[in-house]
Amino acid sequence: MLAMEQATHAGRLLAGRVAVVTGGGGGIGAATAKLFALHGARVVVADIDRGLAQRVADDIAASGGAGLPVPVDVREADQVADLARVVLDRFGRVDVLVNNVGHWLRHPGNFVDTDPQLWNELYHINLHHVFLVTHAFLPAMVGQRGGAIVNVSSVEGLRGYPEDPVYAAFKAAVIHFTRSLAVQVGRDGVRVNGIGPDVTESLQVPYSKWLSAEEQEQWPQWVPLGRMGLPEDQASVILFLASDLSAFVTGHTIPTDGGTGAAGGWFRSTRRADREWTNRPIAP
């Protein structure tokens with residue numbers, strides 16, 4: 001029997017474990033929190049939006065799981081410290097951390113025209129919080145000689161992204177932080193991995209609302225797997241990296257992109273006056 005079949009047959013992959021999911025109130029974070037709960041984890045749903053965090057925790061409870069909503073702005077060090085105290089006081093341990101928060105904020109135009117203040121905002125929402133939250137929970141994982149950290153980067157950290165080089169730089173930094181920290185803490189029983197999503201529906205990137213009917217018909221031309229990604233697609237890979245199915249995997253970022261990275265990248269386009277670049281060409 002294959003390992004996946006064995007795990008499915010055996011039951012829940014995270015039974016008894018404590019998992020913290022930042023940005024857990026929507027999109028990939030919400031899908032991950034719910035999937036973790038289905039696999040037996042006690043899930044801390046950490047989100048800047050108290051209402052969204054509560055809604056996800058309620059959904060988890062309705063499915064028979066255990067979810068604790070915690071409102072937190074992970075860009076703020078004092079709030080992250082409070083989050084760690086709440087989790088460790090409540091559960092006494094943390095087994096899984098998913099650093100899911102991130103945002104491209106807005107299309108900035110050419111780099112030479114950008115405001116340095118935007119760089120700072122992008123830094124805090126895409127990279128600095130990964131340092132803060134990991135720093136807050138890693139000592140507990142090291143102390144208990146085990147844990148799994150999953151960082152959500154982006155496919156734009158793996159390729160050139162002409163629409164926003166600064167965003168791409170921070171996402172690439174998340175990938176290299178993942179790789180480097182994994183080497184440092186491997187002997188402590190802590191694994192560190194990541195995912196690099198693309199073309200996935202989320203609160204920040206609602207493709208179903210952004211794209212016209214004509215454009216949505218082009219998914220088979222844009223994505224080798226022929227469709228838009230869903231938060232649940234990303235959550236499944238995060239579950240793999242958080243569970244013992246990936247017990248001998250660390251330091252890697254898996255492109256969860258439907259094959260777009262393998263197929264190509266960004267292209268100049270004249271179809272829209274307000275956008276010079278597209279990753280969705282109509283024709284080759």
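In terms of full-length UniProt numbering, the sequence shown opens at residue 1 and continues consecutively. For every residue, glycine included, the Cβ atom is placed at its ideal position computed from N, Cα and C. Since we're looking at a predicted model, the values are computed, not measured.
Looking at the secondary structure, which residues open and close the alpha helix (DSSP H) in which residue i lies?
| i | result |
| --- | --- |
| Pro-139 | 129 to 143 |
| Thr-178 | 165 to 185 |
| Arg-50 | 50 to 62 |
| Arg-90 | 77 to 91 |
| Thr-260 | 260 to 263 |
| residue 285 | Any property of residue 285 remains undetermined from this structure, which presents the chain solely from 1 to 284. |
| Ser-208 | 207 to 210 |
| Trp-104 | Unbroken run through Trp-104: none, as it is neither H nor E. |
| Glu-156 | Glu-156 -> no alpha helix (DSSP H), and no H or E assigned at all. |
| Ala-213 | 213 to 216 |
| Pro-162 | Unbroken run through Pro-162: none, as it is neither H nor E. |
| Asn-110 | It is not in any alpha helix (DSSP H) - Asn-110 carries neither H nor E in the DSSP assignment. |
| Leu-118 | 116 to 123 |
Which residue wins for smallest C-alpha separation from residue i, given the options the options?
| i | options | result |
| --- | --- | --- |
| Ile-195 | Asp-164, Pro-231, Glu-217 and Gly-189 | Pro-231 |
| Ala-41 | Leu-239, Pro-255 and Gly-259 | Leu-239 |
| Ala-262 | Asp-198, Gly-11 and Leu-105 | Asp-198 |
| Gly-24 | Asn-100, Trp-210, Ser-63 and Ile-125 | Asn-100 |
| Gly-143 | Val-174, Asp-95, Gln-117 and Glu-163 | Asp-95 |
| His-135 | Ala-213, Leu-122 and Ile-149 | Ile-149 |
| Asp-115 | Leu-127, Asp-164, Leu-68 and Val-130 | Asp-164 |
| Ala-19 | Arg-85, Leu-97 and Arg-90 | Leu-97 |
| Gly-11 | Asp-244, Gly-264 and Gly-258 | Asp-244 |
Where does the unbroken beta strand (DSSP E) through residue i begin, and where does it stop?
| i | result |
| --- | --- |
| Leu-97 | 96 to 99 |
| Thr-22 | 18 to 22 |
| Glu-232 | Segment 231 to 242 is the alpha helix (DSSP H) holding Glu-232; no beta strand (DSSP E) there. |
So, residue i versus residue j, is the Cβ gap smaller than 8 Å?
| i | j | result |
| --- | --- | --- |
| Thr-200 | Gly-160 | no |
| Leu-88 | Val-70 | no |
| Thr-260 | Val-112 | no |
| Ala-31 | Ala-235 | yes |
| Thr-253 | Asp-233 | no |
| Ser-72 | Leu-132 | In the sequence as presented, Ser is not what sits at residue 72; that position holds Val. Taking 8 Å as the Cβ cut-off, Val-72 and Leu-132 do not qualify as a contacting pair. |
| Ser-21 | Gly-27 | According to the sequence shown, residue 21 is Val rather than Ser. For Val-21 and Gly-27, no; Cβs fall outside 8 Å. |
| Tyr-167 | Leu-225 | no |
| Val-174 | Asn-151 | yes |
| Ala-247 | Leu-14 | no |
| Val-223 | Gly-258 | yes |
| Val-237 | Phe-177 | no |
Spatial neighbours of residue i within its chain, please: C-beta separation below 6 Å, excluding the five flanking residues on both sides.
| i | result |
| --- | --- |
| Ala-182 | Val-192, Thr-250 and Gly-251 |
| Val-190 | Met-141 and Gly-147 |
| Lys-171 | Ser-153, Ser-154, Glu-156 and Gly-157 |
| Phe-91 | Val-18 |
| Ile-48 | Asp-73 |
| Asp-188 | Val-142 |
| Arg-50 | Pro-71 |
Look up residue i in the DSSP assignment and give the residues it is bridged to.
| i | result |
| --- | --- |
| Gly-194 | Asn-151 and Thr-253 |
| Ala-31 | DSSP output for Ala-31 lists no bridge partner at all. |
| Gly-67 | Val-43 |
| Thr-200 | Gly-229 |
Could you pull out every residue in the same chain whose Cβ sits closer than 8 Å to the Cβ of residue i, ignoring the five residues on either side in sequence?
| i | result |
| --- | --- |
| Ile-125 | Arg-75, Val-101, Gly-102, His-103 and Leu-105 |
| Ile-60 | Ala-33, Lys-34, Ala-37, Val-43, Val-45, Ala-66 and Gly-67 |
Please list, in chain order, all residues of the same chain as residue i whose beta carbon is under 7 Å from its beta carbon, the five residues on each side excluded.
| i | result |
| --- | --- |
| Gln-54 | Pro-69 |
| Ala-57 | Val-45, Gly-67, Leu-68 and Pro-69 |
| Leu-2 | Note on Leu-2: pLDDT 38, under 50, position unreliable in the model; the coordinate value appears next. Hits under 7 Å: none found. |
| Leu-127 | Phe-170, Ala-173 and Val-174 |
| Trp-219 | Gly-226, Arg-227 and Met-228 |
| Arg-179 | Gly-251 |
| Phe-137 | Val-20, Ala-84, Val-94 and Leu-97 |
| Ser-208 | Glu-201 |
Could you check whether the Cβ of residue i sits closer than 7 Å to any heavy atom belonging to the ligand GTP?
| i | result |
| --- | --- |
| Trp-219 | With respect to the ligand GTP, the structure shown offers nothing to examine, as it has no ligands at all. |
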